[in-house]
Each structure stands twice: as C-alpha cells, then as structure tokens.
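Notes for the one structure printed next.
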Amino acid sequence: MKIPNFKIQQFITDVANENIFGCLLYGPEESVANYRFNVIAKRIVADLADPFSVVSISKERLKENKSVLFDEFYSISMFGGRRLISIKDSDNSIAESLDEISKNLSNSAKENNFILIQASELTPASSLRKFAENNSHFASIACYEDDEKTIKTFIEAILKKSQIAFDSDVIMSLMNKFGKNRLIILNELEKLALFMGEDK
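Residue numbering for the sequence shown follows our numbering, starting at 452 and increasing by one per position.
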C-alpha cells in the first residue's frame, strides 16, 4: 500500500491503529527516513529500550537464516503487548519472507507484532518495494528531501507543541541554522524548550 506524500503525516500519526502488519521506509534521504522510522517505532512500542518489546534483525542475520523473520513475527512477548521487529539497511532479500508472512495472516492484518523496515533508494523493479506497494496490509513510504514549506510547517508544529511564541523571522532563522535534517531540528528545539523553561 503506497502512502501518497500528502497523507504521510496523518498515516504516521495513526499508524498503530492501521490494519497493517508492517511498514517500509525507503529513499535517498536518510535523515527523513530515520526521523519517520523513530516516530513510527514509538507509536508501536512505548519503550524502545525494552528488549522484550523490541527486536532488531540485521540483513546479515536474515541472509543466514531465512526463517528468522517468520519466527520473530509469530513470537509472543514475554509480558504481553505488541512487539516491534526492526530491520534497518534492508534489501530485496527480505521480500520472500514478507510474502510468506502475508500468506499466513488471519483475516485481520493488525497483529500483535509489527515489522518496521528501512532501506536505501529502491527502484520500481525492487521486489521489496513491489511487495510493500502492492500488499494492502503493508505500508510503503518514500523518503525524499523535504522542501522549505514542509520544514517550516515542521518547525512551527514543534514550537506550538512546546508552547513557544514565535514569528516568521524566528522560523527563517531556525531554518537557516539547522538546515533540513528533522532529527537535528527536533533535538535542538527540545533543548531550546528546556532552556527557556516557563519563559516562552
């Protein structure tokens, strides 16, 4: 299921309630992919440091043992609740395993476990990209460089959430200072909010 650009933000906000069992983030803009990966991960699992709720699988491990993804997906968390299966730097070799999982799903694709995959740029012929775009229970999100309007809106949203008063000059100054890397912007504005305290 391909998520169009204008729906990405809303989709990520509601991702935990979507009738899907996983999501693929791909594209040349690593900073955008990293930011979205972190946001989605936190929507699925509250504590990303919890080893019982989060498991990371390397592509090397996937190549050595093709059943590892299937096994992890159908494993039950020791203390209950949803588990996040995190795969970074993935490639097309995972597509076959995802297809097997898809064929074994119940009528509802919203399972206890969620597969979150990050990959670099994938061509339209990529088997991984094809799987994610054509499967109605798996999301595909392309990650390209944000334009200035998107970054401006992103900064405004963080400042409003932090209850910091601002004007257009403040936004332009922050954009010039931090560039377009969402993670850097988020980290620096969180520091700013803490530094300002009640004087906002």
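No residue lacks a Cβ here, since even glycine has one placed at the ideal position from N, Cα and C. All figures in this text were calculated on a predicted structure; none of them were measured in a lab.
Quick check: what's the CA-CA separation for residue 617 versus residue 482? Position 166 of the sequence shown, counting from 1, holds the residue named residue 617. Position 31 of the sequence shown, counting from 1, holds the residue named residue 482. Approximately 25 Å between the Cα atoms of the pair.
Quick one, are the C-beta atoms of residue 567 and residue 491 less than 8 Å apart? Looking up residue 567 in the sequence shown gives position 116. Looking up residue 491 in the sequence shown gives position 40. Taking 8 Å as the Cβ cut-off, residue 567 and residue 491 qualify as a contacting pair.
Where residue 492 sits in the DSSP three-state scheme: The sequence position of residue 492 within the sequence shown is 41, counting from 1. Note: residue 492 maps to helix in three-state DSSP.
Among 639, 592, 646, whose alpha-carbon lies nearest the alpha-carbon of residue 456? Taking the sequence shown and counting its residues from 1, the one referred to as residue 456 is at position 5. It is 592 whose Cα lies nearest to the Cα of residue 456.
Would you mind sorting residue 477 into buried or exposed? The rule is 16 or more other CB atoms within 10 Å of its CB. For the purposes of this step, residue 477 is identified with residue 26 of the sequence shown, where counting begins at 1. Residue 477 is buried by the Cβ-count criterion.
Three or more C-beta pairs closer than 8 Å, one from the stretch 500–512 and one from the stretch 593–602: is that the case here? no
Between which two residues does the alpha helix (DSSP H) harbouring residue 634 extend? Counting from 1 along the sequence shown, the entry for residue 634 is found at position 183. Looking at the DSSP string, the run of the alpha helix (DSSP H) that includes residue 634 is 633–647.
When you compare each of 471, 546, 612 to residue 577 by their alpha carbons, which one comes out closest? Position 126 of the sequence shown holds residue 577. Selected option, being the one with the closest Cα: 546.
Let me confirm a value: residue 525 is counted as buried when at least 16 other C-beta atoms fall within 10 Å, else exposed. Which label applies? Residue mapping note: residue 525 aligns to position 74 of the sequence shown, counting from 1. Classification of residue 525: exposed, given that the 10 Å Cβ count is below 16.
Use the C-beta contact count for residue 541: other C-beta atoms within 10 angstroms, 16 or more gives buried, fewer gives exposed. Your numbering for residue 541 matches position 90 in the sequence shown. Label assigned to residue 541: buried.
With a threshold of 8 Å, are at least 3 pairs of Cβ atoms found where one atom belongs to the stretch 514–522 and the other to the stretch 601–611? no
Three-state secondary structure (DSSP) of residue 565: Walking along the sequence shown from the start, residue 565 turns up at place 114. If DSSP states are grouped into helix, strand and coil, residue 565 belongs with the strands.
For residue 549, which three-state DSSP category applies? If you number the sequence shown from 1, residue 549 lands on position 98. Here residue 549 sits in helix by DSSP.
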